[in-house]
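> Input: one structure, supplied below.
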Amino acid sequence: MIFSLLFLCLNLSSLFRFSSARGAQLHSYNQSGFDDRNYGISGRRMYSMTDFQMTEEDYNARLEKLAKGYMSNSDLQNAMQEFNSRCPNISRIYRYLFRHA
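The structure is reproduced here in structure tokens:
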């Protein structure tokens with residue numbers, strides 16, 4: 107029993123040591139000579155302002171595309187007020203639950 111607990115503690119401590127040091131050791135395994143400072147752990151490209159330029163029109167069009175289908179803050183506020191007026195008991199229960207959570 108004591109031996110198994112000791113073995114478990116040693117395994118967990120080594121797991122923590124390797125996971126905490128993972129971020130610092132990722133760049134030390136790069137032996138190809140390729141400069142990968144712009145890449146994260148997932149391999150996604152991190153764009154800086156010098157690498158990637160977008161016109162204001164393209165940026166606004168991209169934001170419009172991302173926001174399509176979502177409510178604005180005023181639309182959400184109006185919808186919540188309408189819901190509260192139609193279902194006051196439900197909204198009162200949720201208000202109580204979230205206040206005491």
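So the sequence shown is numbered by the numbering used here: it starts at 107 and just counts up by one. Just so it is clear, CB atoms sit at the ideal spot from N, CA and C, and this is done for glycine as well.
Might you give, ordered along the chain, the residues of its own chain that have their beta carbon closer than 8 Å to the beta carbon of serine 110, omitting 5 neighbours on each side?
Excluding residues within five positions, none has a Cβ falling inside 8 Å.
> Less than 8 Å separating the beta-carbons of alanine 71 and methionine 177?
The shown model of the chain, from 107 to 207, leaves out residue 71, and the question about it has no answer.
> Any beta carbon from chain C within less than 8 Å of glycine 175's own beta carbon?
Reference to chain C is not applicable here, since this structure consists of a single protein chain.
> Return the chain-ordered list of same chain residues with a C-beta closer than 7 Å to the C-beta of asparagine 190, the five sequence neighbours on each side being excluded.
Excluding residues within five positions, the ones whose Cβ falls inside 7 Å are Ser197.
> Can you give me the start and stop residues for the alpha helix (DSSP H) that glutamine 187 sits inside?
From DSSP, the alpha helix (DSSP H) with glutamine 187 extends over 179-192.
> Suppose you measure from the CA of alanine 173 to the CA of isoleucine 108; what does that come to, to the nearest Å?
Taking the straight line joining both Cα atoms gives about 58 Å.
> For glutamate 162, which residues of its own chain have a beta-carbon under 7 Å away from its beta-carbon, when the five flanking residues on both sides are left out?
Answer for glutamate 162: no residue qualifies.
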